[in-house]
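Participant: Numbering (the numbering used here), first residue to last: 48 to 338. I'd like to ask you about the structure that follows.
In C-alpha cells:
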C-alpha cells in the first residue's frame, strides 16, 4: 500500500510527528510518499518525494499532520481524486483529526483494513462576473462579505432556488456544511449539526435586523447571492484567497458533486468528539486558537 503524507511544517511538532509516522509505516512494511517541497527536511526517511498531483493521485490514502486547517485543505485536494484522508493532530484543536499523537500504534489498522469511512458533504461556490467565472470547494464554509469600509453595513440579496428570498443587512453571510457548523458559523450563533446529515446552513454575520437566525436548508438548495448597486462582494472558501464580483456579478453556492472521505480508526461518535473538543476549547487560551 502507498500512503501520501502531507505535513504542515509550520506546526512546531509536525516534523517530529511525521518522522514517527514514517517509522511506524516502515515497521508495518508500507510504502509512503511526501511532498517534493519537503525533501530537504525528510531526506533521511524512506519516503518517495513527489509533486502534489502525483503524490495524491498515486496513493491509496492521504495522511495529514497538523490541525483542522491542514486536514480540511488536504481533504479538499484528496476529494478531487476520490482519496480518503486520515488526519493526525499536531495542533491544539482538531475536530477533524482521526488520531492523536499518542495513538500512532493504531496505524496498523490501515494495513489490516480494520477501519470505517466517514463521508462529508462539501459545497461548491461559483463567482460569476461578466466573462469571468471562478469556482472553489468548501469543506467548512463559504463566507460572503462586501468589499467596503468595515464601518459600513452590507446589503446582500439572496435568491433561494431561483426565487428572491431575503436582503440581509450586516457584515456578511456564512454558508456552512454540517462539518463547518462547529467553525465560523458556530461563532456567529449558528447551530451545531451532526455531520452525518447533508444540508446547508445560512448564518448572518452581525445581522442589523430583526431576522437574525440561521437557516438550515436541504442539500438540494441553490443560493444566488448578489449586491445590486451596493458595491462588490468577495467570497472565500475555507479562508482561501477570495473571489471578487462587482455589483453586476453574483455568487452561487450549492452542494458539490464530490465529497470528502475520512478514515476512522476509532469508534468515537460525533457526540464523544464534540464533548472532548469543546472541553479542550473552553480550557484553551485565546492565543492558542487553531487557524
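For each residue, glycine too, the CB sits at the ideal point set by N, CA and C. Since this is a predicted model, take the numbers as computed values, not measurements.
My guess is that residue 168 and residue 126 are in contact by the Cβ rule of under 8 angstroms, so how many angstroms apart are they, rounded?
Facilitator: As a working mapping, residue 168 is identified with position 121 in the chain shown. As a working mapping, residue 126 is identified with position 79 in the chain shown. Actually they are not in contact, since the Cβ atoms of residue 168 and residue 126 sit about 11 angstroms apart, beyond 8 angstroms.
Participant: Would you list, in sequence order, the uninterrupted alpha helix (DSSP H) runs of no fewer than 4 residues that lie entirely inside the segment 205-268?
Facilitator: Counting whole runs of 4 or more residues, the segment 205-268 contains the alpha helix (DSSP H) stretches 231-234.
Participant: Can you give me the Cβ contacts of residue 266 inside the same chain, cut-off strictly under 7 angstroms, excluding the 5 residues immediately before and after it?
Facilitator: Locating residue 266 in the chain shown gives position 219, where the first residue counts as 1. Around residue 266: 168, 245, 246, 247, 302.
Participant: Is there contact between the segment 92-106 and the segment 66-80, where contact requires at least three CB pairs shorter than 8 angstroms?
Facilitator: Because the criterion of three Cβ pairs below 8 angstroms is met, the segment 92-106 and the segment 66-80 touch.
Participant: Indicate the three-state DSSP secondary structure (helix, strand or coil) for residue 274 in the structure shown.
Facilitator: As a position in the chain shown, residue 274 is number 227, starting the count at 1. In this structure, residue 274 counts as coil in the three-state DSSP scheme.
Participant: Report all residues from its chain with a CB closer than 7 angstroms to the CB of residue 306; omit the five preceding and five following residues, and keep chain order.
Facilitator: Within the chain shown, numbered from 1, the residue matching residue 306 stands at position 259. Here the set comprises 126, 166, 167, 168, 169.
Participant: Using a Cβ-Cβ cut-off of 6 angstroms (strictly less than) and excluding sequence neighbours within five positions of residue 72, which residues of its own chain qualify?
Facilitator: Taking the first residue of the chain shown as position 1, residue 72 is located at position 25. Excluding positions up to five away in sequence, the list reads 79.
Participant: With DSSP as the reference, label residue 99 as helix, strand or coil.
Facilitator: Your numbering for residue 99 matches position 52 in the chain shown. Helix at residue 99.
Participant: For residue 131, collect the residues of the same chain with a Cβ closer than 8 angstroms to its Cβ; drop the 5 residues on either side in sequence, then sort them by chain order.
Facilitator: Residue mapping note: residue 131 aligns to position 84 of the chain shown, counting from 1. Cβ within range, chain order: 108, 109, 125, 164, 308, 309, 310.
Participant: Residue 146 by DSSP, collapsed to three states: which one?
Facilitator: Taking the chain shown and counting its residues from 1, one reaches residue 146 at position 99. Looking at residue 146 - three-state DSSP - the assignment turns out to be strand.
Participant: Within 10 Å of its beta-carbon, does residue 89 have 16 or more other beta-carbons around it, so buried, or fewer, so exposed?
Facilitator: By 1-based counting over the chain shown, the position of residue 89 is 42. With 16 or more Cβ atoms within 10 Å of its Cβ, residue 89 is classed as buried.
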